[in-house]
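Down below is the structure, laid out as structure tokens.
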Amino acid sequence: MSVQVIVCVRGQGTCGSRNVLFGVVPQRGFCMTAAGTVIDGKVEARRKGKDGSGVRKRGVDGRVRSFEEIPNTGRSGWVNLVKFWREGRFRQLHKHMERTFKNLGPIYREHVGTQNTVNIMLPSDISELFRSEGLHPQRMTLQAWATHRETRQHSKGVFLKNGEEWRTDRLQLNKEVMMSTAVKRFLPLLDEVARDFCQMLRDKVEREGKGEEGRRSLNIDPSPDLFRFALEASCHVLYGERIGLFSSSPSLESQKFIWAVERMLATTPPLLYLPPRLLLLIGAPLWTQHATAWDNIFSHAEARIQRGYQRLSSTLSRGSTVGAAGGQYTGVLGQLMEKGQLSLDLIKANITEMMAGGVDTTAVPLQFALFELGRNPEVQERVRQQVKASWAQAGGDPQKALQGAPLLKSTIKEILSCIPSGCKCINALFVNVIMSITDITSNSDK
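0 is the number of the first residue of the sequence shown in numbering that gives the first Met the number 0; add one for each residue after it.
Now the structure itself:
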């Protein structure tokens, strides 16, 4: 079997030697390097790569360390799973990981249910891991998502692919979501949603806040609003149309959609450790809720894809291209359909997964950015003044405004360096590496 490695919290980097979540960086007990593949508990040595880089196979004491010497949280996956349920760890994964890293050090094994993982947190270990991946990283498959696609006969998107198939789709999608020309096209859509979001917050403060008019204040939990902002913005960029989550009276369709996304995200963590096929067979409520949520998400996507296809057909029948249709950007969906390099099934799969994967990874960093700026008012004021000055000089161009606000970019970059975009960075990786361990100072087999 291959080893699953979960990349956890970046404890150092631009934040200094102090770990933001844990207070202090634990003493390094292990040194990881790409040394081979674990198959049935044995290490198969990997040959020297084409790039000429070798691997270190021995610890500082001159002997090869075994995989079993990595500290673990208990050998029984099912006993650990019962503890997770009983202690509510699915809702407090970050707290569980904080305690475990403190007790076992910056690398430990965990067997929960059907999942075996190695958890790492030191930047040096993480960089070693990523360097060993190559062009075709083997990332963890979210089995619950994959089982839904297989049982419903949907195509799988980049989140559920690996190898050359993943790379092919990823390169096509990068052209529409990562390249600077693509970002320039969809920035106005993000700006529109951001303006509505800010106006919604102003209205809430004026309506529910305390203090003099024009200087009211209000204490709120921003999580639900940031979640809706991320979902509205993602859908606007991907589908090229709004879904109305900021409306005072959202449509039944919008309410059903946001419920589906929330339910899908809430049921995913516990399903990471359980066999989805078994839950499907016995009709477990957890699986039923998860699958129903995905069905609603795909129905929502299907309706928008059909509308996008109709717009494309209408535009082409008039003898013009999508890009020339009134100069209006039609979203990532419209661009992918116009180019025709992916089938409609693959477009639907990738658009849907990008939407689902873009909500928490947007909302969580934004919430931590607000938190850090809130407790560093002098930094907040500097960022605010620079953004105001840049916007005034940009003449309404969002891209120029961003280019003139390096402090804003630095803020987001710093947050992403210090805080994971979820309770743990679950780009858990299937990798053909095993740990070469030195200086074992932590307590093993706790």
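For each residue, glycine too, the CB sits at the ideal point set by N, CA and C.
Residue interval of the alpha helix (DSSP H) (run including His147): The residue you call residue 147 lines up with position 148 of the sequence shown. Note, His147: alpha helix (DSSP H), Gln142 to Arg151.
Report, in whole angstroms, the separation of the C-beta atoms of Phe228 and Val204, which I expect to be a contact under 8 Å. As a working note, residue 228 is residue 229 in the sequence shown. As a working note, residue 204 is residue 205 in the sequence shown. Not really, about 16 Å apart at Cβ, beyond 8 Å.
Secondary structure at Leu264, three-state DSSP: helix, strand or coil? The residue given as residue 264 occupies position 265 in the sequence shown. Three-state DSSP puts Leu264 in a helix.
Please classify Asp202: is it buried, with 16 or more other beta-carbons within 10 angstroms of its beta-carbon, or exposed? As a first step, residue 202 must be located in the sequence shown, where it is residue number 203. Under this definition Asp202 is an exposed residue.
For Phe297, which residues in the same chain have their Cβ closer than 8 Å to its Cβ, ignoring the five residues on either side in sequence? If you number the sequence shown from 1, residue 297 lands on position 298. Excluding positions up to five away in sequence, the list reads Arg151, His153, Lys347 and Thr351.
Member of Trp144, Ile257, Val117 and Gly210 whose CA lies at the smallest distance from the CA of Leu225: The count along the sequence shown starts at 1 and reaches residue 225 at position 226. Answer by Cα proximity: Ile257.
Boundaries of the beta strand (DSSP E) in which Gln114 is found, first to last residue: For this step, residue 114 is matched to residue 115 along the sequence shown. Membership of Gln114 in the beta strand (DSSP E) is indicated by the continuous run Gln114 to Ile119.
Can you give me the C-alpha to C-alpha distance between Gly239 and Gly333, rounded to a whole angstrom? Working through the sequence shown from its first residue, we reach residue 239 at position 240. Working through the sequence shown from its first residue, we reach residue 333 at position 334. So the two alpha carbons sit approximately 8 Å from each other.
Helix, strand or coil, according to DSSP, for Arg108 in the structure here? Here residue 108 refers to the residue found at position 109 of the sequence shown. Arg108: strand per DSSP, three-state reduction.
Cut-off 8 Å between Cβ atoms - residues of its own chain near Phe368, not counting five sequence neighbours on either side: To locate residue 368, count along the sequence shown from 1; it is residue 369. In the sequence on display, residue 368 carries Ala and not Phe. Excluding residues within five positions, the ones whose Cβ falls inside 8 Å are Thr410, Ile411 and Ile414.
Return the chain-ordered list of same chain residues with a C-beta closer than 8 Å to the C-beta of Ser75, the five sequence neighbours on each side being excluded. What you label residue 75 is simply residue 76 of the sequence shown in a count that begins at 1. Excluding sequence neighbours, Ser75 sits near His110.
How big is the Cα-Cα spacing for Lys155 and Gln402? The residue labelled residue 155 in the question sits at position 156 within the sequence shown. The residue labelled residue 402 in the question sits at position 403 within the sequence shown. Cα to Cα, Lys155 sits roughly 36 Å from Gln402.
Since Thr167 is in the alpha helix (DSSP H), which residue starts that stretch and which ends it? Residue numbering aside, residue 167 sits at position 168 when the sequence shown is read from its first letter. Residues Gly162 to Val176.
Hey, how far is the Cα of Ile242 from the Cα of Ser253? Here residue 242 refers to the residue found at position 243 when the sequence shown is read from its first residue. Here residue 253 refers to the residue found at position 254 when the sequence shown is read from its first residue. So the alpha carbons of these two residues sit roughly 6 Å apart.
Less than 7 Å separating the beta-carbons of Leu188 and Val260? As a working note, residue 188 is residue 189 in the sequence shown. As a working note, residue 260 is residue 261 in the sequence shown. Val260 is positioned such that its CB atom lies no closer than 7 Å to that of Leu188.
Could you round the C-beta distance between Asn349 and Val157 to whole angstroms and report it? I think they count as a contact, below 8 Å. Position 350 of the sequence shown, counting from 1, holds the residue named residue 349. Position 158 of the sequence shown, counting from 1, holds the residue named residue 157. Separation of the CB atoms of Asn349 and Val157 is rounded to 6 Å, and the pair is thereby assigned contact status at 8 Å.
For the candidate residues Cys234, Gln114 and Arg169, whose alpha-carbon lies nearest to that of Ala143? Counted from its first residue, the sequence shown places residue 143 at position 144. The shortest Cα separation from Ala143 among Cys234, Gln114 and Arg169 belongs to Gln114.
Span of the alpha helix (DSSP H) around Glu456: As shown, the chain starts at 0 and ends at 445. That puts residue 456 outside it, with no answer to give.
Roughly how many angstroms lie between the CA atoms of Leu365 and Ser222, to the nearest whole one? The sequence position of residue 365 within the sequence shown is 366, counting from 1. The sequence position of residue 222 within the sequence shown is 223, counting from 1. Rounded to the nearest whole angstrom, the CA to CA distance from Leu365 to Ser222 is 9 Å.
With 7 Å as the threshold, decide whether the Cβ of Val378 is near any Cβ in chain C. Here there is only one protein chain, and chain C is not present.
Who are Ser216's beta bridge partners in DSSP? Looking up residue 216 in the sequence shown gives position 217. Ser216 is bridged to Lys209.
C-alpha distance - Asn71 paired with His93, whole-angstrom precision: Here residue 71 refers to the residue found at position 72 of the sequence shown. Here residue 93 refers to the residue found at position 94 of the sequence shown. If I take the Cα positions, the gap works out to 17 Å.
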